[in-house]
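In UniProt numbering, the protein residues as written are 1 to 1209.
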């Protein structure tokens, strides 16, 4: 959900939608006084329309005021692409910036935000979950010929210690190996600590929790191959310490869980002191026996058993568990692993005993309590009562909202260079436009719900491309490459002679740092490997795309652990770095910066890959072979203008379509008006005719009355008659005259009124006639305009094809295709992306030695080769400069906290969370806290987070802290928390309840039927549309599975195999059935690398894993093995102990497990198991029914008759 809080100065580009009038101000004078009043401040009411496309019109000269909700931006105009091409950039005035205050940089330029009490309780709850989630001690394992590099033994006093008894390990290839030993002190059962916690918190006898398998240890330490303690390797168990505290002090003490850092430090210091004492004792003994020895002092003897037992007692004491007999055990386990001799001296980076997330959660808790909450984390921790329920927009009920947001007016200029004829689906473009539009100018969290096969990675790649293009637009505004830096240079010493220097980037060039993180290693690796690979871009650019491609290929091959001579793996650009743990970071630094070197001489390998250091050095020396900064900018401007022109054409087409719709409506309105006017005219004409008749009749009556009156006047008695009658003759005449007068007057008045009405009707008639004529004229013009627009729109429809949002753009067609995207436009947007990278590359050359030296220092920070106490602002500046060269880094959440440990809240631009539904909410806290903008992409209906702490213990702790179920994994995940705060989304029914999910991606492009339909029906209420189109008619590329008249490989079905073996989930006959099927597939030409074999049960999965040796390339294991992967064929081997029907019920308790298994299969799904037993359970019943229907349909087809029996053989 877009944040309502002000933007960070790490991303200070103001945006100017056409629909808004934004007051700009000229740069301040030398004294720093602005030439305009503060009324030019930019508020958060800026509309989202055209944010990306118009965002470069102004650059913010930023100092932040500041209140909680508004930011004062001083705006400076950037040239348009047309002005740039005319060379107008030389007149651009960009203000100099002083280095922001360190705290201001780290807190996003916003006033400190203090967490609420509930938010602090949630963070404490998650921290406690990790406090009680130790890592497990490995199971016992002996050295064998098949596994000569690992041993795990339970050691007892009197037994030989492995560092004294093991023979040197064999080489791994040509690499010399030595033993590294991990000693686990005081091994205990996890079930015992959880049982203790049940009693401490709330011992409810009616609540059942299955006992947790596995063991952990009270403490651990590392021993090298010589039997010496590795410095700073000693670790105390947080879980056992906390259990002791809970038992001894109880949760009624508000500080019962505080103090682990003190105990851990005490243990480490005690062990360190005892080791120093051991060495001193050896030295005194040596001096006593050889007081005059001049030879080199020999190393102390290997650590002995007594010393190990002594450290065990120290661990018990520091953990506070003395007297707790079930927990204070004497068991000691020693794991011995063969490691490279070169890495043997390295101190372990990670805590091998406690949770990976404990330390970072502790840091965030402390910072948030001090007011450093951060905008994204604040959104992440939105309380239930503060959810934006009334503002939610259901994208299924409001398609106009999606259409408006996905329109060409909001289209980002940059695009990932996939095939230009393969456009994003509507829901993908909606998500991309939202991310790069209004969301890019805010801070917070945006959720994207990604059902299987709907293109989550494809969507993220477009966001990546859009950000790179936007940063290039800001670079292009610089008159000189050197203007990218402020006057600040961060320095630190390396050794006694060398000084590292990192120049500070201008604020408007920061905020584009992009991190992709996941709880799933394979998800992170997928993106790290896919993005730089040549296959990730369309074939038309394979020969021309080159962003340090040699380095990218070298990195990709090293990451894949393959040599160039052994693989065709190639990369087009150093666009992403697979970082995370210290080993990855050190390896990346070495390969990326120094290139391919001889490990003995450290000289470049002849013909090998040059690192970035040598590449930049050579380019600096031969600068004339590269375009000037001005030429590079002009190339970018030309590509941008091409995109602008095509977008303008699309906008014009959209305006024509909108005008056509409006004109159609206008024609209908005018036709109705014309008809109405004609009716009115007819009515007036009829009234006028009647009025004329009435007027004639009234005139006749008036004439008749006048005639009578005149005759009566003529009949007036004469004078003599009047005299002789003494006036009596005049009286009756007068009376009659009065009557004639009244009659005449009445007739005249009636005629006058009728004439007046007739005249009014005549006026009305003329008015109506004129209206009719005018309406006819307007209608003719509208019909002509409609005809003209129809012709133009017909041409537009031919140009834009399926992406033309006309009358046919409905239903599945609408969902499968975003509007207004044609091949020309997407090709131009892809070309602009490449030009953006070329501009970045040219910048690294044009900025000269200053940038090269800065990158050298930055890469040292990336590779964890910087001083331990280096200031946070220097580390941040180093990371920002590195991200300018390598836009995207990947990491697991487990490693992110250590990699970015010095960075504060809101310090990095973008965090993309992949497979967010599989990540427990606490895993992402530290990374979310450090990010300005978080895009969480996942699916709660795939695998849920793996939670080791029992549900009852979770509930006990949550109840004690007053934390609701909304925050409890596995029901809660990073994705569910992002979903609940999303404005745009929809409602799905999950386990009988309505659940709001963020706006879903809906176009599925992975699975054939029946897999698509099964997944769509049982999990997604059929919101997905099927976009899979197979070309099975191509004679040059034979389809292995289907052909026009049927199938080549038997369609998906349930292979019924009973479960005869009781007492074990593993059913050997089902594994045999799998072997037969694999053999058959290989005969049919399907490579095992295109096959996944999975099971819900560990015992079965372990057996399936052993098949990888007989079927190279096969992916096999538990359901989690398949998460994030896909394959042509998936075998779902159910197994299941027939004596434990509850195990089948467990597998069917939610839709997630079946959904994952089904949605991994692109072409075929084969379920192997006891159909009668499994089909009694929910979801498996639907699976059985659907596969049965599909099988019946296949049998009726005219395909080649490959029977089930043949398939089985």
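The C-beta atom is built at its ideal place from N, Cα and C for all residues, glycine as well.
DSSP state of residue i mapped onto helix, strand, coil
i, result
"residue 186", "strand"
"residue 439", "helix"
"residue 153", "strand"
"residue 859", "helix"
"residue 77", "Only weak support is given to the placement of residue 77: the predicted model assigns it a pLDDT of 34, under 50, and the value that follows is read from those uncertain coordinates. Correct three-state label for residue 77: strand."
"residue 51", "Caution applies to residue 51, whose pLDDT of 36 falls short of 50 and renders its modelled position unreliable; the value that the coordinates give is listed next. If DSSP states are grouped into helix, strand and coil, residue 51 belongs with the helices."
"residue 1020", "coil"
"residue 166", "coil"
"residue 1084", "coil"
"residue 667", "helix"
"residue 541", "helix"
"residue 1042", "strand"
Chain-order list of residues whose beta-carbon lies under 8 Å from that of residue i (same chain, five-residue window excluded)
i, result
"residue 164", "227, 302"
"residue 678", "772"
Bridge-paired residues (DSSP) for residue i
i, result
"residue 998", "985"
"residue 875", "Answer is none; residue 875 lacks a bridge partner."
"residue 501", "491"
"residue 141", "152"
"residue 1118", "1095"
"residue 645", "Its beta-bridge partners do not exist; DSSP assigns none."
"residue 1026", "1004"
"residue 638", "DSSP output for residue 638 lists no bridge partner at all."
"residue 179", "338"
"residue 891", "517"
"residue 449", "938, 1000"
"residue 910", "514, 933"
"residue 216", "188"
Sequence-distant residues of the same chain with beta carbon closer than 6 Å to residue i, five excluded per side
i, result
"residue 117", "none"
"residue 155", "332, 334"
"residue 864", "582, 585"
"residue 688", "761, 765"
Among the options, nearest to residue i - alpha-carbon criterion
i, options, result
"residue 242", "233, 222, 264, 230", "264"
"residue 222", "271, 188, 194", "271"
"residue 326", "783, 190, 1013", "190"
"residue 553", "630, 574, 542, 829", "574"
"residue 1225", "611, 277, 837, 498", "Residue 1225 lies beyond the stretch modelled for the chain, which goes from 1 to 1209, so this question has no answer here."
"residue 1131", "1053, 1185, 1151, 1019", "1053"
"residue 262", "253, 238, 249, 254", "238"
"residue 794", "654, 1014, 1016", "654"
"residue 158", "246, 196, 308", "308"
"residue 1096", "1123, 990, 479, 1133", "1133"
"residue 506", "762, 122, 486, 514", "486"
"residue 891", "823, 1005, 1194, 524", "524"
"residue 1149", "1136, 1157, 1179", "1179"
"residue 799", "946, 924, 646, 323", "646"
"residue 683", "767, 1009, 400, 1077", "767"
"residue 597", "860, 549, 249, 613", "613"
Own chain residues within Cβ distance below 7 Å of residue i, not counting five before or after
i, result
"residue 1103", "1066, 1071"
"residue 341", "176, 177, 178"
Contact with chain B by residue i, beta-carbon distance below 7 Å
i, result
"residue 919", "Considering every chain present, this structure includes no chain B. It has just one protein chain."
beta-carbon residue i near the ligand FMN non-hydrogen atom, thresh 6 Å
i, result
"residue 154", "The ligand FMN is absent from the structure shown, which contains no ligands of any kind."
task: Would you be able to state if there are at least three C-beta pairs under 8 Å between the region 166-176 and the region 142-149?
output: yes
- request: Determine contact between the region 739-752 and the region 700-720, defined as no fewer than three beta-carbon pairs at a distance below 8 Å.
  value: yes
- request: Determine contact between the region 1164-1182 and the region 1045-1063, defined as no fewer than three beta-carbon pairs at a distance below 8 Å.
  value: yes
query: When the Cβ atoms of the region 471-491 are set against those of the region 429-445, are three or more pairs found closer than 8 Å?
result: no
message: Between the region 983-994 and the region 382-396, can you find at least three pairs of beta-carbon atoms closer than 8 Å?
response: yes
field: contact_flag[the region 820-837, the region 635-650] where n(CB pairs < 8 Å) is 3 or more
entry: yes
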